[in-house]
Amino acid sequence: MARKLKSRLTTALALATGPVLFLAACGGGDDDSGAAANEGPVTIEFWGWVPGLEEAVAQWNEENPDVQVEFFRMTGDDGDKIPAAIDAGTAPDVVQMSVHSIPGHIVNNRLTELTDIAGDWEDRFTPSSWGSVVFDGALYAIPQDSGPTGLMYRTDIFAQHGVEVPTTWTEFVEAGRALKAADPALTIAQFSPNETGFWIQSVWQNGGSWNGIDGDAWTVNVADEHSLEVAEVWQTLLDEELVTTVEMWTPEYWAAINAGTIATVNYAAWFPVLLEESAGATAGNWAVAPSPTFDGEESAGDTGGSVNVIPAGTEHVEQAAAFVEWLNTSDEGLEHLINGGIFPSAVAGLEHEALMVEEPFFGGQVINEVFADAALQVPATWVDGPTFELTQNALKDEFAQVANGRKTFAQALADLESRTVADLTGMGLSVSE
Amino acid sequence: MTGPSRRARLLGWLFMIAVGLYFLAPVYWLIVASTKSTSDLFSTPGFWFADFNLWQNLVDLSQRDGGIFWRWMLNSVIYSGLGSVLMTFISVISGYALAMYEFRGRRIVLAAVIGSMLVPQTVLAQPTYTLLVEIGLSNTMLGVLLPSLVYPFGVMLGFVYARSSVPPELLEAARMDGASEWRAFFSIALKLLSPGSVTILLFAFIGSWNNFMLPLLVLSDPRLQPVTVGLSGWSQAAITIPGLQTLVIVGALVSIVPIVVVFVSLQRYWRSGLAAGGLKL
Amino acid sequence: MSTGTSVRPAGSRRALRSGGIRWAPYVFLTPFVLLFLVFLVAPIVTALYTSFFAVERSGLGFGNANESVFVGFDNYVRALSDSGFVSSFGRVLLFGVVQVPVMLALSIALALVFDSAVVRWKRFFQLSVFIPYAVPAVVATLLWGFLYQPRVSPIVELLESLGVSANFLAPGTVLWSIANVTIWSVTGVNMIIIFAALQTVPRDMYEAARLDGAGELRMALQIKLPMVLPAIFLTTLFSIIGTLQLFNEPMTLRSITSNVTGDYTPNMSVFTATTLGGNINLGSAMAIILGLVTFGLSILVSVVSNRRRGATR
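Pasting the structure below:
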């Protein structure tokens with residue numbers, strides 16, 4: 001370390017002597033790129049955030065002396081550094097990222113296309129998770145975890161007021177009315193402008209997708225009939241004050257959950273752990289049912305999960321892919337992921353014994369049975385566009401206006417649609433009507 | 001000498017009590033919250049204690065990710081400690097040069113110092129990162145330390161203090177005695193400038209302790225991060241990782257301690273020091 | 001900017017004769033100037049350069065060469081036609097018009113009280129006022145976030161028990177809630193800067209005034225305050241710059257309330273364009289516009305305050 005610092009200090013000092021040396025130093029490049037690839041063990045760098053990845057990496061390293069993985073834990077804003085790191089050539093070889101940010105990276109040529117290496121892994125993953133990593137026939141990422149939805153509900157509250165657990169969205173609204181009539185302080189759910197996942201999952205469940213590919217152009221379907229159906233349900237819930245407006249993840253939200261004034265959370269498979277941690281006092285009063293459906297046919301939504309990508313310019317693509325394959329599809333890899341608290345995208349993971357455990361917080365229910373069924377029911381329709389992060393960001397602003405009564409959901413979606421089209425054309429991309 | 005009137009004292013006290021409440025209430029909340037479990041945090045009154053969980057929280061804080069929190073604290077102390085001493089030295093020597101000499105380019109440097117205080121951090125962040133990558137300093141401690149040494153505000157202060165507390169006649173006399181410029185600075189000026197330096201040191205220390213944007217961008221290895229970046233990362237990850245919320249709160253409380261220590265230990269120096277500096281006017 | 005006296009730089013003709021004196025200032029300034037060129041000037045030049053380019057794309061954008069082409073002022077035009085970006089300047093100016101005077105008045109009042117003999121326990125109170133500055137902006141905002149939110153905030157609870165319904169996070173009030181966080185955070189530093197300046201005022205000036213029968217208040221306003229005008233000017237300037245660059249507080253509060261939009265302040269627009277939109281070129285143009293506005297405003301403040309000072313003399 002000291003020597004490395006010293007040599008870098010020299011480089012920095014060389015800068016001082018003038019612009020000529022400065023340019024020379026720039027052209028020098030990184031020192032460890034010179035080592036021959038086939039000599040000795042290869043070291044690949046992996047950035048991820050799932051708890052317990054350290055143990056997974058340790059096991060891999062023990063079993064694979066030739067491919068040593070170095071793991072860095074990402075927190076918070078770390079994902080924001082990935083573009084700069086890839087562009088500067090200092091990116092790791094494997095990165096965990098949100099599935100929603102893939103297309104934005106593809107149009108900037110930041111990802112290695114994996115069609116030739118992993119194109120035939122399709123059967124190993126749930127259809128919906130595979131559907132969102134393939135763009136125009138090309139594979140760019142390997143699914144890691146997903147967020148299939150289930151309806152977490154307060155058994156005590158439903159029993160106390162004699163209300164049936166809803167199975168369709170129409171019943172959901174009815175149940176909301178019944179609960180409100182029984183106790184005016186009670187709402188069946190909450191509306192959170194800051195959590196776009198609630199919307200994505202419902203539109204996805206309804207067979208929609210906000211972006212798509214039509215030949216050589218992107219499509220934008222933010223305000224199509226799939227979304228408008230969701231909007232109708234939520235407009236009713238909001239207008240009749242069957243939901244309370246509270247931002248998700250905030251202390252206020254958890255206080256409301258703890259106080260028992262919110263009866264259900266229709267959300268992703270990775271949410272129960274958080275519920276347990278932040279609302280310990282309500283233990284034993286929860287259960288999970290399948291999400292309400294739109295037309296009575298079994299289907300579930302998904303909030304979108306994370307994937308593993310191999311950044312462009314990586315030297316050891318094959319070794320990196322081998323590690324990614326092991327982590328996300330092998331029995332050992334999946335066990336580490338599941339123990340880390342995530343819900344795997346691999347089909348083998350859905351049946352994994354580590355997943356099927358009784359949860360005391362949910363009264364001893366094996367809740368992942370519900371989520372595993374849901375994972376296979378999620379329609380394989382959803383595709384993200386290159387400006388999806390902007391769309392998500394704008395959605396928060398639009399929904400804040402809905403919460404303040406300045407717009408309806410339908411108006412907000414229409415405005416979001418035009419903003420998304422403008423963002424795409426602003427990047428120089430084609431958008432088909 | 002007659003003191004202030006009784007009415008003035010009373011008003012002063014009322015004002016100070018209001019001020020104390022305003023500035024300390026959130027800190028008090030932080031202390032109370034540090035003693036709570038995640039569940040109690042969201043379900044018990046904010047200004048009063050629930051089950052006393054502080055020790056457990058501190059243990060959790062120390063054990064999370066192999067005790068990385070203490071590593072962050074150490075990093076912060078290194079960045080701010082070493083950084084602020086270097087920043088202060090550079091500021092004082094530069095301010096001294098600008099104040100005591102007439103030379104070609106002096107006005108340009110002065111204008112650049114003032115102008116650079118107006119540059120938004122956001123302009124600099126991305127290009128600075130690219131630059132550090134090119135010279136091989138990304139993801140190193142030096143990569144955080146070197147850019148933070150550019151401290152125009154410190155140079156400004158150094159300039160102001162040198163002008164007000166180093167009499168040119170004294171330097172002239174030293175030169176007559178055959179002292180070199182170098183010696184004149186180190187043996188005469190530096191002593192006179194030491195009270196002002198303490199102020200610069202305090203600002204530099206706290207400034208670099210709160211430094212956020214640059215380390216966030218430059219460091220990918222969490223083991224090199226300062227505590228501000230680490231804690232804010234945790235606070236964002238708290239959304240999806242159970243139990244982090246309380247650790248962020250306890251961590252925030254612990255991370256204030258060094259600043260308080262530095263402030264209190266410099267407070268005496270800096271008050272009497274500045275007063276002494278003022279007498280020389 | 002100096003505290004009253006005007007000491008002339010010791011650059012006499014005699015001094016220039018000696019070689020040591022000629023070279024000394026350059027040697028002394030070398031470390032600073034080098035660091036300044038590498039870590040400040042070079043990045044600014046890069047940002048400026050970047051702002052005149054755009055990435056060329058077509059169709060789906062897959063497999064394009066993604067070459068940057070010179071586009072002149074296109075990015076600037078786009079930034080200035082983004083109504084969210086432009087109106088965010090209005091928002092931070094409104095913020096500054098209220099926050100800066102309130103914060104400075106509080107800082108000056110505190111500095112004057114600490115400089116007088118009115119209160120005891122000065123060191124304790126000084127520390128109390130200063131501690132918030134030690135709390136990183138992100139944590140400070142989280143902390144106040146707890147105190148702003150209904151259901152968890154003891155303050156909201158207290159107000160409600162008094163019959164006042166307060167919503168600190170409504171569209172109309174959230175700007176002032178942010179202002180409160182910044183006032184809480186930075187009053188301490190500004191107080192210290194002004195207090196330090198007050199400490200350099202010769203004590204015998206007070207004695208003379210006291211003999212004339214001046215009370216504490218009159219002394220503070222008529223004698224002390226004019227002496228520290230340069231320090232007040234300095235803190236005003238920094239506060240204005242800080243206001244325009246507002247970022248961490250609103251950004252953190254956005255996770256608690258969507259009433260803080262993604263383009264709430266100019267810096268947040270830059271962040272949105274660069275980080276979420278992946279458009280460094282547009283982001284650079286926005287950042288440079290922000291820099292120019294900051295620069296212009298600072299010049300304006302300097303000119304106005306100079307004229308004022310000139311007039312009173």
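Residue numbers (our numbering), protein chains in the order written: chain C, 1 to 433; chain D, 1 to 281; chain X, 1 to 313. For each residue, glycine too, the CB sits at the ideal point set by N, CA and C. This one's a predicted model, so the numbers in the text were calculated from it and none came from an experiment.
Interface flag, residue i vs chain C, CB-CB below 8 angstroms
i, result
"X:ASN66", "yes"
"D:GLN63", "no"
"X:PRO150", "yes"
"X:GLY296", "no"
"X:GLY277", "yes"
Contact with chain X by residue i, beta-carbon distance below 8 angstroms
i, result
"D:ILE188", "no"
"D:GLN121", "yes"
"D:PHE15", "yes"
"C:GLY428", "yes"
"C:ALA320", "no"
Opening and closing residue of the beta strand (DSSP E) in which residue i lies
i, result
"D:THR35", "Careful: D:THR35 lies outside any beta strand (DSSP E) and carries neither H nor E."
"C:VAL163", "That residue, C:VAL163, is in no beta strand (DSSP E); it is neither H nor E in DSSP."
"D:LEU110", "Unbroken run through D:LEU110 is the alpha helix (DSSP H), 106 to 116; no beta strand (DSSP E)."
"C:GLY437", "Outside the shown range of chain C (1 to 433) lies residue 437 of chain C, about which nothing can therefore be said."
"C:SER98", "94 to 98"
"C:GLY212", "211 to 214"
"C:ASN266", "264 to 268"
For residue j and residue i, the rounded distance between their alpha carbons
i, j, result
"X:VAL270", "C:HIS100", "21 angstroms"
"C:ARG3", "X:THR182", "Residue placement at C:ARG3 cannot be trusted, given a pLDDT of 37 that sits under 50; the coordinates are not used to answer."
"X:SER153", "D:GLY46", "7 angstroms"
"C:THR115", "C:LEU139", "5 angstroms"
"X:ASN190", "C:VAL324", "53 angstroms"
"X:LEU112", "D:ARG6", "17 angstroms"
"X:PRO230", "D:LEU231", "37 angstroms"
"C:VAL57", "C:PHE71", "7 angstroms"
"C:SER128", "D:LEU74", "45 angstroms"
"C:GLY349", "X:GLU56", "42 angstroms"
"D:TRP48", "D:THR246", "16 angstroms"
"D:ALA204", "X:MET219", "33 angstroms"
"C:ALA320", "D:VAL32", "47 angstroms"
"D:SER255", "D:ARG268", "22 angstroms"
Span of the alpha helix (DSSP H), counted from its first residue to its last, around residue i
i, result
"X:TRP121", "Looking at the DSSP string, X:TRP121 is not in any alpha helix (DSSP H), and its letter there is neither H nor E."
"X:ASN180", "174 to 199"
"X:SER269", "266 to 271"
Cβ distance (whole Å) where residue i is taken to contact residue j below 8 angstroms
i, j, result
"D:ASP51", "D:ASP40", "6 angstroms"
"C:PHE172", "C:ALA287", "Their Cβ separation, rounded to whole angstroms, is 16 angstroms, which puts C:PHE172 and C:ALA287 out of contact at 8 angstroms."
"X:LEU282", "X:ARG78", "6 angstroms"
"D:PHE42", "D:GLY251", "So it is not a contact: roughly 18 angstroms between Cβ atoms."
"X:ILE178", "X:PRO250", "5 angstroms"
"X:GLY188", "X:PHE130", "4 angstroms"
"X:LEU234", "X:ILE192", "About 12 angstroms separates the two Cβ atoms, so there is no contact after all."
"D:TYR101", "D:VAL218", "Their Cβ separation, rounded to whole angstroms, is 35 angstroms, which puts D:TYR101 and D:VAL218 out of contact at 8 angstroms."
Same chain, Cβ closer than 7 angstroms to residue i, five either side skipped, listed in chain order
i, result
"C:THR420", "VAL220, VAL222, THR387, THR391"
Beta-carbon contacts of residue i that lie in its chain and below 6 angstroms, excluding the five residues immediately before and after
i, result
"C:VAL107", "PRO386"
"D:ILE200", "THR88, SER91, GLY154, LEU157"
"C:ILE86", "ARG110, PRO311"
"C:ALA403", "PRO193, THR245"
"X:LYS122", "PHE114"
"C:TRP435", "Since the first and last residues shown for chain C are 1 and 433, residue 435 of chain C lies out of range."
Beta-carbon proximity list for residue i, same chain, < 8 angstroms, skipping 5 on both sides
i, result
"C:MET427", "VAL107, PRO386, THR387"
"D:GLY243", "THR38, ASP60"
"D:LEU82", "LEU145"
"X:LEU104", "ASN190, ILE232, THR235, THR236, SER239"
Distance cut-off 7 angstroms: residue i Cβ against heavy atoms of the ligand HEM
i, result
"C:PRO193", "Annotation note on the ligand HEM: not contained in the displayed structure, which lists no ligands."
CB contact check: residue i to chain D, cutoff 8 angstroms
i, result
"C:VAL265", "no"
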